[in-house]
Each structure stands twice: as structure tokens, then as C-alpha cells.
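Structure record follows, encoded as C-alpha cells.
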Amino acid sequence: MAWTWFHRLASPPHIYRVAGRLTPWFAWPAALLIVAGLIGGLVLAPPDYQQGDGYRILYVHVPSAWLSLMAYTTLAVAAGVGLIWRMKVAHAVAASCAPIGASFTFAALVTGSLWGKPMWGTYWQWDPRLTSELILLFLYLGYMGLRSAFDDVQRADRVSAVLAVVGVVNVPIIHYSVIWWNSLHQGPSVMMLGKPTMPPSMLIPLLIMFVGFTLFFGALLLVRLRGEVLGRERTASWIREALRP
Amino acid sequence: MAFLDMGGYWAYVWPAYAVTLVVMALNIIWARQLLKRSRKEALRRLSIGGNQT
Chain V
11 MAWTWFHRLA SPPHIYRVAG RLTPWFAWPA ALLIVAGLIG GLVLAPPDYQ
61 QGDGYRILYV HVPSAWLSLM AYTTLAVAAG VGLIWRMKVA HAVAASCAPI
111 GASFTFAALV TGSLWGKPMW GTYWQWDPRL TSELILLFLY LGYMGLRSAF
161 DDVQRADRVS AVLAVVGVVN VPIIHYSVIW WNSLHQGPSV MMLGKPTMPP
211 SMLIPLLIMF VGFTLFFGAL LLVRLRGEVL GRERTASWIR EALRP
Chain R
1003 MAFLDMGGYW AYVWPAYAVT LVVMALNIIW ARQLLKRSRK EALRRLSIGG
1053 NQT
């Protein structure tokens, strides 16, 4: 009885319908917040006393890095749920996360190296934070490569899920790398517990970007999820219903 | 002009924003393509598979 919502949540036609209906509620606020964050970060926020206007890369770098970790965590949890409870929809969520996460990991690495050049004097250092983020990119690429090696979606789901779950150890390593090791990368910019290290005029555009990127991820995930769910479905009746114009 | 110059950091700031925006745009295109492709394939399966439920 208490489980009916869970079963309904896991039912593909329900997911397909709900995801479609939810998408605009993520996409439009995401668009508005990202535009607001861009204006806030590029125009309204004051220059940094040490890094001048160069620090403005922060407003795209930090949310991209955040998204790269959030997407991987979502992927690994979904893959784990898919493995344990044999839920098709959970595997579909995991598969949907990978290309989004990979591309934002790439963005985080590129924007980071564009920040590193003027501030550290180099585009790249084999530093704990940078190296573990690069490993994250390889994990995503490995996950997607492994999936594409199978013709059978169900087998691809199970095998790739194992890699995804094992790879999750890298997430805390990335997060704490700047604290555990003496890293070239600067420490946390936003202290979630404790007082922020930035004045509000700099912090607010960043927080707006965080929320904007998170909602953007949600919107992309919902669209991809519908594609993945539909691709796994063989039941003619609901496909016909789902595709009815 | 001062805005475009980004305090001398223009060669780093603008490419960083450009890369991020391109990644966002590509993500929108890719996600929509996936859904469109899945719809087309599902329709094709329907027309081949007939009426199994």
C-alpha cells in the first residue's frame, strides 16, 4: 500500500508523461537564472582585489564543476538502485546523466585551465584536484564507451552500473582534494557551513548560477530520460499512447 | 570597451564563457535529438512488431 507510489514512479509510461510535463518547470527558471547569473557575474559583481576581472571565470567554472559532481553522484545512485531493485527506469536515469556530466566535466576542466594560466602561470598542473577531475572525465567516457559496446540495453545497463558504482569513490576525492592535499587549486569558495569567504555582491551571482545550473541539469535529465525510457520499452500499447499527438 | 577588455583578462574570461555556453547549447541539442530519435525508433518498432502487449 505504501509502496504503490514507488511502483507508479517506476512505471515507464508514468515517468514518460510526468517527465514531459515537468520539463518546462525546470527549463524556464534555469534559463532566467542563468541569464541573471551571467549579468550578475560579468557586470554587477565588483572586480576581485587580487585577481581583478580574471576571477569572473568562477561564475561558469564553479557551477560546471558542481554539475560534473552532482551528475556523477546521481548517475551512481541511480545505477546502484537499478542493480539492486532491477529497475529499468533507474538505469535509464543513470544513462541519461552520463553525457551531461561528461560535457560539464570538460567545461570545468577547460574553464579551470583558462583561469589557471593567468593566475598560476600554467594551463595544467598534475595537481590532486585537477587530476581527480580529469579521472572523472575518463570515468564518464569509460561508462559511455562500455554502454555502447553492448547491443542489448539491459546488459549494457547492468555492466555499466557496476563501473558507475565503483567509480563513485572518486567523488569525495575530488571534493576534499583541496583540503587533504596541499593543492595549487584554491580552497572552497563557498562555505556551506560557516561564513562565506566572499562578499554578498560576489556570492549572490554565484548562488544564482548554482541554482540555474542545477535546474538546467534537471531539464536535460528529464528530456533524456524520456528518450531512454522510450528506447527500453517494448510494450506496444503504451508507446502508442505516449506517442499520440 | 573596458567591459570587453575584462581588466586585461579578456583572452581568458571570454573563451571560458564561450566554452560553457557552447557546452550548454550542445546539451540542449543532444537531449532533443535523443528524444526525437527514440520516438522515431519506437514508431518503427510499432509498425513492425504489430500488437504484442
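Protein chains in written order, with the numbering used here: chain V, 11 to 255; chain R, 1003 to 1055.
Think of the CB as a built atom: it goes at the ideal place given N, C-alpha and C, for glycine as much as any other residue.
For the segment 146-208 of chain V, the continuous alpha helix (DSSP H) assignments of 4+ residues that do not extend past its boundaries occur at 163-177, 180-190, in sequence order.
Beta-carbon to beta-carbon, A89 of chain V and I110 of chain V are separated by about 15 Å, too far to satisfy the 8 Å threshold. Contact annotation: V99 of chain V and V239 of chain V have beta-carbon atoms nearer than 8 Å. Secondary structure of G131 of chain V (DSSP, three-state): coil. Relative to the Cα of G228 of chain V, the nearest Cα in the group V:A40, V:P23, V:H24, V:V28 belongs to V:A40.
For L1045 of chain R, the nearest beta carbon of chain V is closer than 8 Å to its own beta carbon. Chain-ordered, the chain R residues with CB closer than 7 Å to the CB of R234 of chain V read A1033, L1036.
The beta carbon of R31 of chain V is closer than 7 Å to none in its chain, skipping five residues each way along the sequence. Listed along chain V are G237, L240, G241, each with a C-beta nearer than 7 Å to that of S1040 of chain R. In this structure the segment 147-162 of chain V does not touch the segment 1031-1045 of chain R; the number of beta carbon pairs closer than 8 Å is below three. Inclusion of L225 of chain V and L43 of chain V in the CB contact set at 8 Å is warranted, their separation being smaller than that value. When the alpha-carbon of G50 of chain V is set against those of V:Y69, V:W35, V:Q61, the nearest one is in V:Y69. G47 of chain V places its beta carbon less than 8 Å from that of P215 of chain V. Within chain R, the residues V1021, V1025 have their CB atoms less than 9 Å from the CB of F116 of chain V, given in chain order. In the structure shown, D58 of chain V falls within a strand segment according to DSSP collapsed to helix, strand and coil.
Cβ proximity to chain R below 7 Å picks out W125, K127, P128 from the segment 125-136 of chain V.
Between the segment 164-175 of chain V and the segment 125-133 of chain V there are fewer than three C-beta pairs closer than 8 Å, too few to call the two in contact.
In the three-state scheme derived from DSSP, where H, G and I count as helix and E and B as strand, S1049 of chain R is classed as helix.
For G30 of chain V, the enclosing alpha helix (DSSP H) starts and ends at 22-49.
Proximity to S106 of chain V across R:R1046, R:L1036, R:I1050 peaks at R:L1036, based on C-alpha coordinates.
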